[in-house]
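> Residue numbers (the working numbering), protein chains in the order written: chain A, 1 to 371; chain B, 372 to 742.
Protein chains: 2
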Amino acid sequence: MTGLRRKAAIIGALMSDPASALNLELKAVGVEEAWFRIEHGHPSIPQQLRQRLLSVDVAAFMARGAAAGARVVMPGDSDWPAQLDALQLHSPWALWVQGRGLDALAEQRSVAIVGARACTRYGERAASELAAGLAARGLPVISGGAMGIDAAAHRGALAAEGITVAVLACGIDVAYPRENSTLFERIAERGLLVTEAAPGAHPTRPAFLVRNRLIAALAYGTVVVEARVRSGSISTYCHARNLNRVLMAVPGPITSPESGGTHALLQDDAQLVTSADDVAALVAPLGSVSVDPLARSKTEWDQLSRDERAVHEALPARAPVSVEAMLASVSPELGMARVFGALALLAERGLVQEQPSGEWKRVRALRGAEA
Amino acid sequence: MTGLRRKAAIIGALMSDPASALNLELKAVGVEEAWFRIEHGHPSIPQQLRQRLLSVDVAAFMARGAAAGARVVMPGDSDWPAQLDALQLHSPWALWVQGRGLDALAEQRSVAIVGARACTRYGERAASELAAGLAARGLPVISGGAMGIDAAAHRGALAAEGITVAVLACGIDVAYPRENSTLFERIAERGLLVTEAAPGAHPTRPAFLVRNRLIAALAYGTVVVEARVRSGSISTYCHARNLNRVLMAVPGPITSPESGGTHALLQDDAQLVTSADDVAALVAPLGSVSVDPLARSKTEWDQLSRDERAVHEALPARAPVSVEAMLASVSPELGMARVFGALALLAERGLVQEQPSGEWKRVRALRGAEA
Chain A
1 MTGLRRKAAI IGALMSDPAS ALNLELKAVG VEEAWFRIEH GHPSIPQQLR
51 QRLLSVDVAA FMARGAAAGA RVVMPGDSDW PAQLDALQLH SPWALWVQGR
101 GLDALAEQRS VAIVGARACT RYGERAASEL AAGLAARGLP VISGGAMGID
151 AAAHRGALAA EGITVAVLAC GIDVAYPREN STLFERIAER GLLVTEAAPG
201 AHPTRPAFLV RNRLIAALAY GTVVVEARVR SGSISTYCHA RNLNRVLMAV
251 PGPITSPESG GTHALLQDDA QLVTSADDVA ALVAPLGSVS VDPLARSKTE
301 WDQLSRDERA VHEALPARAP VSVEAMLASV SPELGMARVF GALALLAERG
351 LVQEQPSGEW KRVRALRGAE A
Chain B
372 MTGLRRKAAI IGALMSDPAS ALNLELKAVG VEEAWFRIEH GHPSIPQQLR
422 QRLLSVDVAA FMARGAAAGA RVVMPGDSDW PAQLDALQLH SPWALWVQGR
472 GLDALAEQRS VAIVGARACT RYGERAASEL AAGLAARGLP VISGGAMGID
522 AAAHRGALAA EGITVAVLAC GIDVAYPREN STLFERIAER GLLVTEAAPG
572 AHPTRPAFLV RNRLIAALAY GTVVVEARVR SGSISTYCHA RNLNRVLMAV
622 PGPITSPESG GTHALLQDDA QLVTSADDVA ALVAPLGSVS VDPLARSKTE
672 WDQLSRDERA VHEALPARAP VSVEAMLASV SPELGMARVF GALALLAERG
722 LVQEQPSGEW KRVRALRGAE A
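1. Is Glu354 of chain A close to chain B? Criterion is C-beta to C-beta, closer than 8 Å.
2. Mind listing the chain B neighbours of Phe340 of chain A? Cutoff is C-beta to C-beta under 8 Å, in chain order.
3. Ignore the nearest five residues each way along the sequence and tell me which others in Ala34 of chain A's own chain have a CB closer than 7 Å to its CB.
4. State the DSSP-derived secondary structure class of Val482 of chain B, mapped to helix, strand or coil.
5. Listing by chain order, which chain A residues have their CB less than 7 Å from the CB of Val359 of chain B?
6. Does the CB of Ala587 of chain B have a neighbour CB from chain A at under 8 Å?
7. Please confirm whether Cys119 of chain A has its beta-carbon closer than 8 Å to some beta-carbon of chain D.
8. Looking at Ala347 of chain A and Val330 of chain A, is the spacing between their C-beta atoms short of 8 Å?
9. Spatial neighbours of Ala249 of chain A within its chain, please: C-beta separation below 6 Å, excluding the five flanking residues on both sides.
10. Give a yes or no on whether the C-beta atoms belonging to Gly115 of chain A and Ala131 of chain A are separated by under 8 Å.
11. Pairs of beta-carbons, one from the region 429-437 of chain B and one from the region 352-367 of chain A, closer than 8 Å: are there three or more?
12. When the Cα atoms are used, what is the spatial distance from Asp648 of chain B to Gly260 of chain A?
13. Provide the residue span of the beta strand (DSSP E) that contains Ile142 of chain A, from first to last.
14. Measuring alpha carbon to alpha carbon, tell me which residue in A:Glu258, A:Ile142, A:Glu189 and A:Arg71 is nearest Ala240 of chain A.
15. Rounded to a whole number of angstroms, what is the C-alpha to C-alpha distance between His312 of chain A and Ala325 of chain A?
16. Nearest-angstrom Cα distance between Arg155 of chain A and Ala198 of chain A?
17. In the DSSP assignment, what are the bridge partners of Arg362 of chain A?
18. Quick check: the Cα distance between Leu466 of chain B and Ala517 of chain B, rounded to an integer number of angstroms?
19. Measure from the C-beta of Val536 of chain B to each C-beta in chain A and report whether the shortest distance is under 8 Å.
20. If we cut at 8 Å on Cβ distances, does Met707 of chain B have a partner in chain A?
21. So, does the CB of Val323 of chain A fall closer than 8 Å to a CB anywhere in chain B?
22. Indicate whether at least one CB of chain B lies closer than 8 Å to the CB of Arg367 of chain A.
23. So which residues on chain A does Leu330 of chain B lean against when the C-beta distance must stay under 8 Å?
24. Using a C-beta cutoff of 8 Å, does Ser606 of chain B count as contacting chain A?
25. Applying the criterion that 16 or more other CB atoms from any shown protein chain within 10 Å of the CB defines a buried residue, is Gln373 of chain A buried or exposed?
26. Quick check on the DSSP output: the alpha helix (DSSP H) that includes Gly436 of chain B runs from which residue to which?
27. When the distance is taken between beta carbons, is Val97 of chain A closer than 8 Å to Leu192 of chain A?
28. Closer than 8 Å, Cβ to Cβ, to anything on chain A: give me those residues from the region 477-503 of chain B, in chain order.
29. Is it true that the CB of Thr164 of chain A sits closer than 8 Å to the CB of Pro203 of chain A?
30. Using a Cβ-Cβ cut-off of 7 Å (strictly less than) and excluding sequence neighbours within five positions of Val427 of chain B, which residues of its own chain qualify?
31. Quick check on this structure: which residue in A:Ser20, A:Tyr237 and A:Glu32 has the alpha carbon closest to the alpha carbon of Ile113 of chain A?
32. From which residue to which residue does the beta strand (DSSP E) around Gly470 of chain B run?
33. Given Gly333 of chain B, which residues of its chain have a CB within under 6 Å of its CB, disregarding the five upstream and five downstream residues?
34. Using the three-state DSSP reduction, which class does Leu455 of chain B fall into: helix, strand or coil?
35. Can you give me the C-alpha to C-alpha distance between Ala506 of chain B and Asn613 of chain B, rounded to a whole angstrom?
36. In the region 232-263 of chain A, which residue ranges form an unbroken beta strand (DSSP E) of at least 3 residues, counting only runs that do not cross its ends?
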């Protein structure tokens, strides 16, 4: 391990607030210069910070992480997740990582699934099924390792034998919350634990908020599964919004306070997702997937009734025709009422449109049509 | 009753398809001329239609409606619901109405609540609570008198002693579905039954689709409560869209097929509503109501934590300041981490914004702030 890497890891451990003026100033000058300024007591460096740096037992600090099976990655490394650079001067100095999947994070459009710790069974099921569906498609599932929605998301991804990434607010060797210890062990084996906190560091409330920016930045899109109106997971969502990531939320019963926050997000700028299909389509590269929520599994032709098919075929590809002209060209048993009914349904599908003249025309071709 | 009114009611009864070329042609020339053309066999009139008109026993036809306690209203009447004129040539020739509330339909921004016949208890509860909330605000609740969501909406409005309007696809004296007979009686007493079908007419599938345009046109906005992906209530929604009315849908569990259609609408162009408050705000005249989904009952100030209030006050109204400057002006016990945490929460509320310089500024004033 180079001196640079150690320095980055230690400076990161000393900085609790990525948005502080001091951190931004040091970020702007780079690791070596920042180390030099702290070590030598540059005018902008608080005396306390210098003393903390000088008191670090570097070998012990690094050994503690290594003993936990973790290593340090830093900006410029070939496996550094480049999406974190969107955080600019708020990006981490370095990350402690344990497990596998860092390459998947770089290559795939991973998805963050976050939500309330005190969630319902419905939320737990939704999170775990979404995560399993995404993992089955090869998309890494990122969350925060908390109880409730986070844990359900990690478990769903693991159950589908996919990659899941837990971004912690504590040291890599600190299992918090303790109830998820076994889950963290499984993630370290089959997925990835990530944190910018120093080995041994215990989580604080500000650390959770600061950590949330990493979840949002590592993911191509964030899904909020269940959240009350005032919920910590909204903070991850807001970071994702600031980073122009895909914003998604899962609806729930309007009678459930646990869905109050997600409904507020959906009334704001979140996109409603009901399945891993929906999420995958939203995070997919443009043009690679096309999902019509009304026509998922079947072709559009399959979904038409016999009347609708007959009426659609009776319409020429371009020119509008009158209902009476259509009546003349369809089977005689289709009366005006059935033709009108079929037209109304075809119009609902966006296939045909009535003209101001009262005539009708095709608006677009059938998707997956056989004829 | 004038001859004109009788003629309009009878022509309306003869026309099963408001979108047919024949109906549009007759609509364009008006009641008297249309009657003349049918009676005298104008070249565009099918022979069959003329024979049907000549066979009508006008006195008996009108007497049947009157016996049911209904009367005919037609365009130009002082209590004709003017919003139906948005249907242009597809608007009804006349309506049979029974009960009270026609004036409320003209004066208030009524709301249609529609959805599946085969709904869940959740949908039933949502429909009935929304309807009760709207009725309590004086907004008439319109629906189609069907089982399931429709009936729940009517019942909710009646329970709140509000006006509810059932728009039928059958004659005003035909209780369809029979299970709702008692409900129809209560609506006729305390609300309004409306139909363009002739007295005695039984409903047909096309008649339901044709009727849906009246529900959509009478209402200022349409709420779909529960609907499978292929549901008849989607047709009402599409009519509402064509008429540029407010489009709303209620979310539900993503595990419920009964919410599959509403979720598809929400992924399309419906606005998500979770309460009568939401609906009332969306159908209210512009500027008359302002509802922030994150701050319904309390002022924004009430919702802030002590840290948030302190940090918000430390920010000058306009100029951005650094976190360190803020630290200097807040109580000393607030360290950088707590200031940062409060800033993150204030940013989530859209109250403050970080500048590219790393400084922070207020973006807008607190709603309902005391300070």
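Cβ atoms here follow ideal geometry from the backbone N, Cα and C, with glycine treated the same way.
So, from the data block:
1. Yes, contact with chain B.
2. Residues of chain B passing the Cβ test: Asp388, Ala390, Ser391, Pro577, Leu580 and Val581.
3. Correct list, in chain order: Ile11 and Leu26.
4. Val482 of chain B falls in the strand class under three-state DSSP.
5. Look at the range of chain B in this structure, 372 to 742, and you will see that residue 359 of chain B is not part of it.
6. Cβ-Cβ to chain A under 8 Å: no for Ala587 of chain B.
7. In the structure shown, chain D cannot be found, because the protein chains are A and B.
8. In this structure, the beta-carbon distance from Val330 of chain A to Ala347 of chain A does not fall below 8 Å.
9. Excluding positions up to five away in sequence, the list reads Val224, Thr262, Leu265, Leu266 and Ala270.
10. The answer is no: Cβ separation not under 8 Å.
11. In short, these stretches do not touch, since the Cβ pair count stays below three.
12. Cα to Cα, Asp648 of chain B sits roughly 14 Å from Gly260 of chain A.
13. Per DSSP, Ile142 of chain A belongs to the beta strand (DSSP E) from Val141 to Ser143.
14. Answer by Cα proximity: A:Ile142.
15. Whole-angstrom Cα-Cα distance: 13 Å.
16. The straight-line gap separating the alpha-carbon atoms of Arg155 of chain A and Ala198 of chain A is approximately 26 Å.
17. According to DSSP, which records beta bridges pairwise, Arg362 of chain A is partnered with A:Val352.
18. C-alpha separation (whole angstroms): 19 Å.
19. Any Cβ of chain A closer than 8 Å to the Cβ of Val536 of chain B would place that residue at the interface, and such an atom is absent.
20. For Met707 of chain B, the answer is yes, since a Cβ of chain A falls inside 8 Å of its Cβ.
21. Cβ-Cβ to chain B under 8 Å: yes for Val323 of chain A.
22. The Cβ of Arg367 of chain A sits no closer than 8 Å to any Cβ of chain B.
23. Outside the modelled stretch of chain B, which goes from 372 to 742, sits residue 330 of chain B, for which no answer is possible.
24. In terms of beta-carbon proximity, Ser606 of chain B lines the interface with chain A, with at least one pair separated by less than 8 Å.
25. Here chain A covers residues 1 to 371 and nothing more, so residue 373 of chain A does not appear.
26. Gly436 of chain B -> alpha helix (DSSP H) spans Val429 to Ala438.
27. Cβ distance < 8 Å, so Leu192 of chain A and Val97 of chain A count as in contact.
28. Here the close residues are Tyr493, Arg496 and Ala497.
29. No, they are not a contact pair.
30. Beyond the five residues adjoining it in sequence on each side, Val427 of chain B comes within less than 7 Å, by CB distance, of Ile381 in the same chain, given in chain order.
31. Selected option, being the one with the closest Cα: A:Tyr237.
32. For Gly470 of chain B, the uninterrupted beta strand (DSSP E) run begins and ends at Leu466 to Gly470, by DSSP.
33. The question about residue 333 of chain B has no answer here: the residues shown for chain B are numbered 372 through 742.
34. Correct three-state label for Leu455 of chain B: helix.
35. Each residue's Cα considered, the two are about 26 Å apart.
36. For the beta strand (DSSP E) assignment, the uninterrupted runs of no fewer than 3 residues enclosed by the region 232-263 of chain A are, from N- to C-terminal side, 246-249.
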